[in-house]
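Asks: Below you'll find the structure I mean.
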Amino acid sequence: MYMNKILYFFSQLPSRIYWKIKNTILRWRGCDFADFRDPSFGFEIGYTYRPSSVIEFRRIMRKVDREFLPFEQMSFFDAGFGKGATLIEAMKIGIPVVGGVELSETMFEICQKNLKILGRERESTKLYRGNAATMTEQLDDFNLFYFANPFPESVMKQYIQNIIDSAKRKPRKLIMVYYHATLHHVLEAAGLRLLYSYQVKVLFRPEAISLNKIYCLPDEMNNSTVKN
Ligand SMILES: C[S@@+](CC[C@H](N)C(=O)[O-])C[C@H]1O[C@@H](n2cnc3c(N)ncnc32)[C@H](O)[C@@H]1O
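For the sequence shown, numbering that gives the first Met the number 0 gives the first residue as 0, with consecutive numbering after it.
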C-alpha cells in the first residue's frame, strides 16, 4: 500500500516537473489553465474544471482521425470548455473548426483571454456562454462532440437528446468522444452506437481506472447519406 504510493509519486515526477515548468511559462505570459471550481453553480448542474490529459486527448482523437472522421473534416464542439486548454489542443492537432459551451462566466472570460494571448483567436471559433442542456440549433454547425465528464446525469440526458435532435434537423455523420466516461449508460440508453472503448490505467494506482469511449449515431437515427 505505502510502497505503491511511493512508487506512484516517483513515476509521476517527470511529467509533474514538465507540467510545472510549462504552466509557469504560460502564467508568465498571462494565461491561466489551473483547476477551478466556480461557486456560482452547484454539482447538480456541473462539475469542476480540470483540463483533459493532453496525452489521452491526442490518443483518442488520433483514433477518431484514422478510423471514423478525419481531422480536416471535423468541426469540434467541447461541452464545458472551461479555460480552453482542450480547444487549443484541438486547434493544434489540425481541426479546422472548434467551438463549445461553458456554464461559468469567469472561465468563459479566462478562456477568451487565453486564446488571445496564445494567438488562437479565429473567426470560425464559436464559443457560447450557458448551460449545455440549452444548446439546440448551435449544435448544427458541428460533427464531433467532445465531453470530459462535465456535468451530471440530468444535464447529460438533455444534451444527448439535443445532439440527436440536431441530427434530425441537419442529417450528417456525427461522432461523440466521451473522455472519462462515468455516464456511458446514458449514451447507450439514448441509442448511440459504441465504436471504441479503452481503459486508462494509472501505474501503481489500480483504483484510478478511467474509461474513454467513442460513439456514433446509428444509421437509423440519422438520415445522412454519409453512413456512420
Ligand atoms: C471536467 S471540466 C472539462 C474541461 C474541458 N472540456 C477539457 O477537456 O479540458 C468540466 C467543465 O464543464 C463546465 N460545465 C459544467 N457544467 C456545465 C453545463 N451544464 N453546461 C456547460 N458547461 C458546464 C465546467 O464549468 C467545467 O469547466
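Think of the CB as a built atom: it goes at the ideal place given N, C-alpha and C, for glycine as much as any other residue.
#1: Is residue 46 a contact residue of ligand 1, with contact defined as CB to any heavy atom under 7 Å?
#2: Expressed to the nearest angstrom, what Euclidean distance is found between the alpha-carbon atoms of residue 145 and residue 98?
#3: Pull up the distance between the alpha-carbon of residue 4 and that of residue 71, whole angstroms please.
#4: What are the start and end residues of the beta strand (DSSP E) that includes residue 88?
#5: Could you tell me whether the segment 135 to 152 touches the segment 108 to 120, using the rule of 3 or more Cβ pairs below 8 Å?
#6: Classify residue 54 as buried or exposed, calling it buried when 16 or more other Cβ atoms lie within 10 Å of its own Cβ.
#7: Assign residue 19 to one of three DSSP states: helix, strand, or coil.
#8: Going by CA-CA distance only, name the one from 101, 159, 91, 41 that's closest to residue 184.
#9: So what's residue 188 in DSSP terms, helix, strand or just coil?
#10: The beta strand (DSSP E) that contains residue 128, what's its start and end?
#11: Report the residue ranges of all alpha helix (DSSP H) runs contained in full by the segment 23 to 99; include only those spanning at least 4 residues, in chain order.
#12: For residue 57, is the beta carbon positioned less than 7 Å from some heavy atom of ligand 1?
#13: Going by C-alpha distance, which of 138, 205, 106 is nearest residue 34?
#14: On a CA-only basis, which of 215, 181, 201, 199 is nearest residue 190? Give me that one, please.
#15: Which runs of the beta strand (DSSP E) spanning at least 3 residues fall entirely within the segment 99 to 172, listed in chain order?
#16: Starting from residue 210, follow the beta strand (DSSP E) in both directions and report where the run begins and ends.
#17: Please go through the same chain and pick out, in chain order, the residues whose beta-carbon is closer than 7 Å to the beta-carbon of residue 155, but skip the five residues on each side of it.
#18: Between residue 45 and residue 79, which are expected to be in contact by the criterion C-beta below 8 Å, what is the C-beta distance as a whole number of angstroms?
#19: State the CB to CB distance for the pair residue 221 and residue 170, rounded to an integer number of angstroms; the pair is presumed to be in contact (CB under 8 Å).
#20: Could you give the DSSP three-state label for residue 12: helix, strand or coil?
#21: Would you decide whether residue 81 is buried or exposed? Buried here means 16 or more other CB atoms lie within 10 Å of its CB.
#22: For the beta strand (DSSP E) containing residue 175, list its first residue and its last residue.
#23: So does residue 97 have its beta carbon nearer than 7 Å to some heavy atom of ligand 1?
#24: According to DSSP, is residue 193 part of a helix, a strand, or is it coil?
Replies: Considering the structure as presented:
#1: yes
#2: Approximately 10 Å between the Cα atoms of the pair.
#3: 42 Å
#4: Counting along the chain, residue 88 falls outside any beta strand (DSSP E), though it belongs to the alpha helix (DSSP H) covering 84 to 91.
#5: no
#6: exposed
#7: helix
#8: 159
#9: helix
#10: Taken as a continuous stretch (DSSP letters only), the beta strand (DSSP E) holding residue 128 covers 125 to 128.
#11: 53 to 66, 84 to 91
#12: no
#13: Looking at the Cα atoms, 106 is the closest of the given residues.
#14: 215
#15: 125 to 128, 143 to 147
#16: 204 to 215
#17: 182, 185
#18: Taking the Cβ atoms as the reference, residue 45 lies roughly 7 Å from residue 79, within the contact range of under 8 Å.
#19: 6 Å
#20: helix
#21: buried
#22: 174 to 178
#23: no
#24: Per DSSP, reduced to three states, the secondary structure at residue 193 is strand.
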